[in-house]
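Be aware that the sequence shown starts at 1, since it is given in the UniProt record's numbering, and climbs by one per residue.
Ideal Cβ placement from N, Cα and C applies to all residues, glycine included.
Each remark here refers to the structure printed beneath this line.
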Amino acid sequence: MLDFFTIFSKGGLVLWCFQGVRGPAATAPVNALIRSVLLQERGGNNSFTHEALTLKYKLDNQFELVFVVGFQKILTLTYVDKLIDDVHKEFRDKYRNEFQQKGALGLLNGTFDFKDDFMRLLRDAEESSKVRAPTVMKTFEQSLKSQKTVKCMIETRGEKPKEKVKNKKNKGSKKDGTEAVAAPSKASAGDKQLSAAGDKEELTKDEILQKNREEFFRRHMKAGEKSRSPKPDAQKEKGKKPRVWDLGNSNAKVLDYSNSATNGSTEACPVEEFDPDMALGDRNREPGRLYDLEYESDDEAEEEKVVQNPSKPSVKKGGLGGMFGMLKGLVGSKSLTREDMDPVLEKMKDHLIAKNVAAEIAVQLCESVAKKLEGKVMGTFTTVTSTVKQALQEALVQILQPQRRVDVLRDVMDAQRHRRPYVVTFCGVNGVGKSTNLAKISFWLIENGFSVLIAACDTFRAGAVEQLRTHTRRLNALHPPESHGGRTMVQLYEKGYGKDAAGIAMEAISYARNQGFDVVLVDTAGRMQDNAPLMTALAKLIAVNAPDLVLFVGEALVGNEAVDQLVKFNKALADHSMAQTPRLIDGIVLTKFDTIDDKVGAAISMTYITSKPIVFVGTGQTYCDLRSLNAKAVVAALMKA
């Protein structure tokens, strides 16, 4: 039973609608389909789930139409695909002239009486799914058993089947052959004398065989003695010697810090001296500004090369051949078919995978572009390659600009008005740079005039608290209290190791509220997405403390692993949360972006799989190496050949 079937234009004008059951209108699920699939370029799969409904859709790119059918997701309706194809064909054929002659005015002023045709197609589709040829059992004559005779099935006692006897004969012949080579000669002084003439012939054969064997062994023994190398007089010393490097130091006492007076005590540590230029990087930057990610395209350089060599002689082709060569590949005002696009899409898919886009995501992207372009009429002087490439670029830019934009500074100021700290929780797998990028974000917030409390909730990794303590000292050295009216801009809240992370985060938030801190940054332990106990602890920390922003920290070096990490992190947070609407990941911090050159596919994979924005991009080791994502720059790097 269908819930609804609707036909509307890509401009949002509903042409015809069928309501199958009494209940809520189709507006909410169709709007969710438009918002989450069509506008986000996620049309690789023709089905979409919204609450209790499953929606299937089909695009008509020639007339800019969308056909959507909705039904309960607990039902298995096998005729839906056939129905939507039949309705699409019938509706196009019936109103083709109206679309072609009147265009947009035809959509506005037209009356589409399609109910009778739809009900006929629906009945035909339902009946075709019910009428199925019953499965007919095989007759005895068609079976293999009928080909056997009664005689071959009777087995008498003591008689073995023929196949087994044959196998035994083959095995026996092999065994005799091996025994003939390996067994020693039976001609010896103690053997029994053989009287028959046939026995004498067998003995003669054995003697010949023994002679051949002795000759064979003698020949091989000589060859082995020749191939042997003479033993060296001086044997090598056993065991390994430690390698001594040219610039190294062989004295282990130089590397021994066990008797240091400052080891393990924060009070005895001297004031850290470091070069501010190394910590800040670019001194000419504007304080507090988060610059966009930049990418230098090679298009301008290629244009300059073309302009610089205008006098280069070109190879002339003969008359019509040159003309047809120029026009080769042009579409020529015809509608694109899947066969035209398949070779180009295959190359585009391989290109995306080579740029570190997850293979599954690359396939879905190309499928979405194919559905978007199939049936679309192109211009006269437009190639299939350029059309597909432009559509793919637009799709990638749309993916990198998700529905919800995270503005951290605006949200922090809003929390200030409510006199509470703004809480950000960082999570991710091991070694992606959570603590380092937390320090960069702390520096950016301090430069915008906000005080920060860092909660050291990584109570598992050795050295995690000390790392944050070092960052806190450096940030306080760069922004001393004297420069901010005696106010400490960054402080570390830690309770050591082996404690409950959720409890430490709760105490830190309470401390920040009492002391008037603007932002609380919660550092958590790195954990693999398959580790159920640690994922449960993370879900507990987020559920108990309800942070304003949950950031997943992922590195730009990963490919297919990015999809697995994000899907399992979100699934674990949903499974282990006790709330009715579980809290999932709100945004992404993409780290190590300076190490990948133009292989920026991880950004596409992460945003595609979660529909969440990339809030920050880490591009280096200094506190200033923090950027906001520039979608066009990432797509330019991705499409670079």
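- request: Enumerate, from N- to C-terminal direction, the unbroken beta strand (DSSP E) stretches of 3 or more residues contained entirely within the segment 477 to 551.
  value: Those beta strand (DSSP E) runs which fall completely within the segment 477 to 551 and span 3+ residues are 490 to 493 and 519 to 524.
message: Could you compute how far the alpha carbon of residue 21 sits from the alpha carbon of residue 71?
response: CA-to-CA, the gap between residue 21 and residue 71 works out to about 10 Å.
task: Below 6 Å CB to CB, which residues in the same chain sit around residue 258 once its five sequence neighbours on both sides are set aside?
output: Confidence is the limiting factor: at residue 258 the pLDDT is only 43, short of 50, which leaves the residue's position unreliable and the question unanswerable from this model.
field: Neighbour-count burial assignment, residue 391, 16 or more Cβ in a 10 Å radius
entry: buried
message: Going by DSSP in three states, residue 432 sits in which element: helix, strand or coil?
response: coil
message: So, with DSSP's three-state summary, where would you put residue 454?
response: strand
query: Buried or exposed: which applies to residue 141, given that a residue is buried once 16 or more other Cβ atoms fall within 10 Å of its Cβ?
result: That one is exposed.
field: residue 641, buried or exposed, once every other Cβ within 10 Å from all chains shown has been counted against 16
entry: exposed
- prompt: Taking the alpha helix (DSSP H) that residue 292 falls in, what are its first and last residues?
  reply: Element bounds for residue 292: n/a, residue is neither H nor E.
- request: Tell me whether the beta-carbon of residue 19 lies closer than 8 Å to the beta-carbon of residue 8.
  value: no
- prompt: Which same chain residues, not among the five before or five after residue 433, have their C-beta less than 8 Å away from its C-beta?
  reply: 553, 555, 591, 592 and 618
task: Please work out which residues of its chain come closer than 6 Å, Cβ to Cβ, to residue 292, disregarding the five sequence neighbours upstream and downstream, and give them in chain order.
output: 628 and 630
message: Rounded to the nearest angstrom, what separates residue 419 and residue 452 at their Cα positions?
response: Roughly 15 Å between the two C-alpha positions.
- prompt: Rounded to the nearest angstrom, how far is the Cβ of residue 455 from that of residue 500, given a contact under 8 Å?
  reply: Rounded, the Cβ-Cβ distance is 13 Å, inconsistent with contact.
message: I'd like to check one pair, residue 87 with residue 121: are the Cβ atoms closer than 8 Å?
response: yes
query: Could you give the C-beta distance for residue 435 and residue 401, rounded to a whole number, given that I count them as a contact under 8 Å?
result: So it is not a contact: roughly 29 Å between Cβ atoms.
- prompt: Where does residue 53 fall in DSSP's three states?
  reply: In the structure shown, residue 53 adopts extended strand secondary structure according to DSSP, grouped into three states.
message: Assuming the contact rule is C-beta atoms closer than 8 Å, residue 545 and residue 579 should be a hit. Round their C-beta distance to whole Å, please.
response: The beta carbons of residue 545 and residue 579 sit about 12 Å from each other, so the pair does not count as a contact at 8 Å.
- request: State the DSSP-derived secondary structure class of residue 427, mapped to helix, strand or coil.
  value: Looking at residue 427 - three-state DSSP - the assignment turns out to be strand.
message: Whole angstroms are fine: how far does the CA of residue 457 sit from the CA of residue 508?
response: A straight-line Cα-Cα distance of about 10 Å links residue 508 and residue 457.
- request: Please classify residue 642: does DSSP put it in a helix, a strand, or coil?
  value: An answer regarding residue 642 cannot be provided, because it is not within the stretch 1 to 641 covered by the chain.
message: Based on DSSP bridge pairs, tell me the residues matched to residue 377.
response: 335
- request: From the DSSP output, in three-state form, read off residue 607 for me.
  value: helix
message: Between 540, 581, 422 and 561, which has its C-alpha nearest residue 516's C-alpha?
response: Considering only alpha carbons, the answer is 422.
message: Based on DSSP bridge pairs, tell me the residues matched to residue 16.
response: 7
- prompt: How many whole angstroms separate the CB atoms of residue 570 and residue 585, which I take to be in contact at a CB cut-off of 8 Å?
  reply: The C-beta separation of residue 570 from residue 585 comes to about 6 Å, placing the pair in contact by the 8 Å criterion.
field: the segment 472 to 485 touching the segment 534 to 548, judged by at least three CB pairs closer than 8 Å
entry: no
Boundaries (first-last residue) of the alpha helix (DSSP H) holding residue 399: 384 to 400
message: What does the Cβ neighbour count give for residue 56, buried or exposed, with the cut at 16 atoms within 10 Å?
response: buried
message: Please state whether the Cβ-Cβ distance between residue 42 and residue 368 is less than 8 Å.
response: yes
- request: Note down the Cα distance separating residue 40 from residue 404, rounded to an integer number of angstroms.
  value: 12 Å
query: Can you tell which of 521, 560, 543 and 565 has its C-alpha closest to the C-alpha of residue 531?
result: Checked all of 521, 560, 543 and 565; the closest Cα to residue 531 is 565.
Exposure label - residue 48; buried when at least 16 CB within 10 Å: buried
Three-state class that DSSP yields for residue 406 in the structure shown: coil
query: Rounded to the nearest angstrom, how far is the Cβ of residue 648 from that of residue 387, given a contact under 8 Å?
result: The question about residue 648 has no answer, for the chain in this structure spans 1 to 641.
task: Return helix, strand or coil for residue 644, following the three-state DSSP convention.
output: There is simply no residue 644 to check, as the chain begins at 1 and stops at 641 in what is shown.
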